[in-house]
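Protein chains in written order, with our numbering: chain R, 198 to 565; chain X, 198 to 565.
Heads up, the beta-carbon is just placed ideally off N, CA and C, and yes, glycines get one too.
Since this is a predicted model, take the numbers as computed values, not measurements.
Structural data, given as structure tokens:
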């Protein structure tokens with residue numbers, strides 16, 4: 198393989214991966230039905246329950262990236278003609294709506310301008326207008342850096358008889374998330390954000406209520422690859438072959454989750470909170486404008502417009518070429534003028550952050 | 198991570214992974230839009246074209262296992278109401294038919310008993326009865342060890358105006374396969390068979406004719422995650438973000454394909470042929486019954502009934518527990534009485550095969 202440059206990853210994901218996780222992936226591959234491997238799967242399931250703070254039996258890692266988890270959540274729950282209320286506040290809300298439409302659902306989008314949180318009252322109004330099979334929302338919108346008022350929206354959805362689907366791709370293990378306590382029915386994530394595992398798997402959990410809705414569907418799930426009922430027969434006690442599990446990626450996830458457990462979820466949330474706030478105050482000091490509404494800012498993903506109308510692309514390229522530091526460019530409404538800076542998992546360390554800030558000072562000093 | 202037992206993998210996949218491929222996965226993760234990474238993607242695309250023997254521009258690795266590739270092939274080509282003729286000669290043919298039905302297609306199954314090759318005349322009769330959008334067939338049926346008469350079936354399909362979809366999960370880099378020369382429109386594989394890369398990706402290629410059929414669809418592709426038109430914008434020159442590529446798995450695939458190129462495709466096919474024939478003749482000598490029809494036996498996957506009605510499960514467990522050797526159990530019509538022995542990629546080495554045969558002799562000597 199060609200030599201790869203050294204990078205420190207402060208983009209919207211992937212984040213830096215711990216050496217022990219990289220080492221886990223280099224272990225020899227064993228069979229996906231080997232007793233030693235299925236024992237490891239059981240441990241992954243248990244650690245995922247701890248990370249999601251759930252007792253859901255159906256909790257596993259889907260064999261695809263976070264977007265596969267998104268599609269798995271929707272394609273299993275939605276039948277053609279079902280109504281879905283989707284909170285749209287950025288790229289990933291738009292993606293939820295698009296996938297729900299492809300599932301044949303009638304989609305009601307509840308939209309807000311980029312950078313704003315979704316208004317729970319609007320979700321409620323949409324549900325009162327017409328009942329819905331589900332409400333889907335992105336917890337941590339990676340395109341804007343906004344933390345959505347998930348707890349309140351989930352409560353409203355449940356009160357109105359809708360299932361609650363939550364995208365926790367960027368939130369899991371980075372900010373507080375309580376699947377059972379908040380009444381979430383399906384919650385999925387990605388491995389390459391605050392879990393600091395390489396991209397390729399999507400941790401996902403289904404409540405008994407969600408599984409009952411799937412069991413009583415009138416039509417087959419449109420996707421075979423993402424059919425949770427079949428996949429559950431492999432992850433559960435039956436061990437019925439569905440597709441070959443991505444062995445090495447599951448080694449990596451096992452080790453990544455072990456590190457989360459070793460640190461403790463609350464300590465990990467606090468680390469992200471403290472360093473995220475520090476980053477944001479430093480950026481403001483440098484003349485950046487934070488684009489997420491105050492009170493709803495994610496610590497692990499900061500969208501910030503560059504000072505003085507600087508060319509974000511040129512400055513970002515300098516960070517990469519001269520300092521080996523990756524940050525993300527703005528998307529959609531923020532394209533061309535903003536960065537998205539991730540502080541996730543192993544990238545969220547004080548010494549790395551200090552190097553980032555030093556590099557940003559240099560690059561911005563020249564660019565403004 | 199817990200210590201894993203040492204295994205030599207002679208099951209139906211995964212196969213043993215070369216040390217340099219394991220090492221590639223332990224490299225630090227860089228961003229999926231990093232210029233260094235997209236350069237590596239270009240190289241993967243080029244090496245996949247060599248492995249598939251195709252000039253198809255749309256050639257890449259789908260972010261899921263071989264079954265995701267199967268679903269990607271069908272969900273992009275089929276619209277509700279389309280007719281699909283599917284060759285069914287084992288588990289993977291059945292899976293093709295099931296996925297095609299979930300895509301809304303009207304499926305005509307052309308079936309043969311387990312162990313037999315599909316009869317091209319039956320495919321032709323089905324196509325003459327009523328035109329079809331596509332013919333789908335498994336090249337190397339992993340559940341029976343049969344090599345299907347692909348070249349002839351592809352020719353018949355094309356002559357009758359149908360697109361040709363081929364499952365090459367177990368055949369790619371193990372037996373001759375010529376995507377362009379044989380007129381195949383979509384061909385997908387898996388990484389964990391004759392490529393000897395861990396499971397998790399699905400190499401796939403689409404002909405210009407297939408892409409034109411997709412471009413002129415009347416309805417959107419039902420799957421967003423597997424929408425080849427969108428994915429192509431990331432793998433192609435535009436580099437538009439679709440989903441985060443599975444970075445570490447793509448490192449592994451890059452190295453696995455480099456090893457294929459270093460050995461040479463023809464030498465690799467010959468290695469599989471020679472050792473597969475040797476295994477099969479030794480098994481017959483031990484009293485096994487080969488279950489695939491003569492003349493259609495795959496060298497890289499042998500389905501064989503145990504001598505004297507021995508309990509396959511107990512004997513297989515002894516191989517695993519006492520020798521650290523994995524073979525697969527029979528499926529479907531072969532369950533309970535047969536093994537499936539894979540000789541794929543790095544597992545297909547004379548010294549490993551000799552150890553396998555020695556262990557089989559010991560276990561069978563006791564079991565009969």
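Taking 7 Å as the threshold (C-beta atoms), are residue 537 of chain R and residue 500 of chain R in contact? Result yes, Cβ atoms of residue 500 of chain R and residue 537 of chain R sit closer than 7 Å.
Beta-carbon of residue 233 of chain X versus every beta-carbon of chain R: anything under 7 Å? yes
Mind checking residue 205 of chain X: buried by the 16 CB within 10 Å criterion, or exposed? buried
Three-state secondary structure (DSSP) of residue 531 of chain R: Helix.
At least 3 beta-carbon pairs within less than 8 Å: the region 251-266 of chain R vs the region 369-389 of chain R: yes
List the residues that DSSP assigns as beta-bridge partners of residue 431 of chain X. The partner list for residue 431 of chain X (beta bridge, DSSP) is empty, contrary to what the question assumes.
Excluding the 5 residues flanking residue 549 of chain X on each side, which residues of the same chain have their C-beta closer than 7 Å to its C-beta? 205
What residues in the region 391-405 of chain R bring their beta carbon closer than 7 Å to a beta carbon of chain X? 395, 396 and 397
Go through the region 254-331 of chain X residue by residue and report every complete run of the alpha helix (DSSP H) that reaches 4 residues or more, in order. 263-274, 288-299 and 317-326
Check this for me: beta carbons of residue 382 of chain R and residue 251 of chain R, under 7 Å apart or not? No, the Cβ-Cβ distance between residue 382 of chain R and residue 251 of chain R is not below 7 Å.
Assuming residue 314 of chain X and residue 346 of chain X form a contact by the criterion Cβ under 8 Å, report the distance between their Cβ atoms to the nearest whole angstrom. Indeed, because the Cβ distance is near 6 Å, the residues count as touching under 8 Å.
Residue 199 of chain R burial status per 10 Å Cβ neighbour count (16 or more: buried): By the neighbour-count rule (16 or more Cβ atoms within 10 Å), residue 199 of chain R is not buried but exposed.
Between which two residues does the beta strand (DSSP E) carrying residue 400 of chain R extend? Run containing residue 400 of chain R: 399-403, per the beta strand (DSSP E) assignment.
What's the C-alpha gap between residue 275 of chain R and residue 303 of chain R? 10 Å
What residue range does the beta strand (DSSP E) around residue 207 of chain X cover? 205-207
Under a CB-based cut-off of 7 Å, is residue 223 of chain X close to chain R? yes
Residue 374 of chain R - DSSP class collapsed to helix/strand/coil: coil
Status (buried if at least 16 other CB within 10 Å, exposed otherwise) for residue 518 of chain R: exposed
Between residue 228 of chain R and chain X, is the shortest Cβ-Cβ distance under 7 Å, so that the two count as touching? yes
Determine whether the Cβ of residue 214 of chain R lies closer than 7 Å to any Cβ atom of chain X. yes
Limits of the unbroken alpha helix (DSSP H) element including residue 219 of chain R: Where residue 219 of chain R is concerned, the enclosing alpha helix (DSSP H) stretches over 216-222.
How about residue 335 of chain R and residue 290 of chain R: are their beta carbons less than 7 Å apart? yes
So, does the CB of residue 198 of chain R fall closer than 7 Å to a CB anywhere in chain X? yes
Using a Cβ-Cβ cut-off of 8 Å (strictly less than) and excluding sequence neighbours within five positions of residue 552 of chain X, which residues of its own chain qualify? 205, 520 and 522
When the distance is taken between beta carbons, is residue 453 of chain R closer than 7 Å to residue 368 of chain R? no
Within 7 Å of any Cβ in chain X, is that where the Cβ of residue 443 of chain R sits? yes
Can you give the Cα-Cα distance for residue 339 of chain R and residue 209 of chain R, rounded to whole angstroms? 7 Å
Do residue 560 of chain R and residue 574 of chain R have their beta-carbon atoms positioned less than 7 Å apart in this structure? Residue numbering for chain R in the displayed model covers 198 to 565; residue 574 of chain R lies beyond these limits and cannot be assessed.
Closer than 9 Å by beta-carbon distance: list the chain R residues that pair up with residue 533 of chain X, in chain order. Those within 9 Å of residue 533 of chain X in chain R number zero; the least Cβ separation is about 15 Å.
Beta carbon proximity, residue 446 of chain X to chain R, threshold 7 Å: Closer than 7 Å to some Cβ of chain R, the Cβ of residue 446 of chain X qualifies, so yes.
I need the boundaries of the beta strand (DSSP E) containing residue 385 of chain R, first residue and last residue. Start and end: 383-385.
Take the Cβ of residue 325 of chain R as the centre, count every other Cβ of all protein chains shown within 10 Å, and call the residue buried at 16 or more, exposed below. exposed
Determine the direct distance from the alpha carbon of residue 426 of chain R to that of residue 234 of chain R, and round the result to whole angstroms. 21 Å
How about residue 167 of chain X and residue 342 of chain X: do their beta carbons lie closer than 7 Å? This structure gives no information on residue 167 of chain X, because the portion of chain X shown stretches from 198 to 565.
Runs of alpha helix (DSSP H) wholly within the region 478-514 of chain X (minimum 4 residues, chain order): Listed in chain order, there is nothing to give.
Applying the 10 Å Cβ sphere with the 16-neighbour rule, what's the burial state of residue 417 of chain R? exposed
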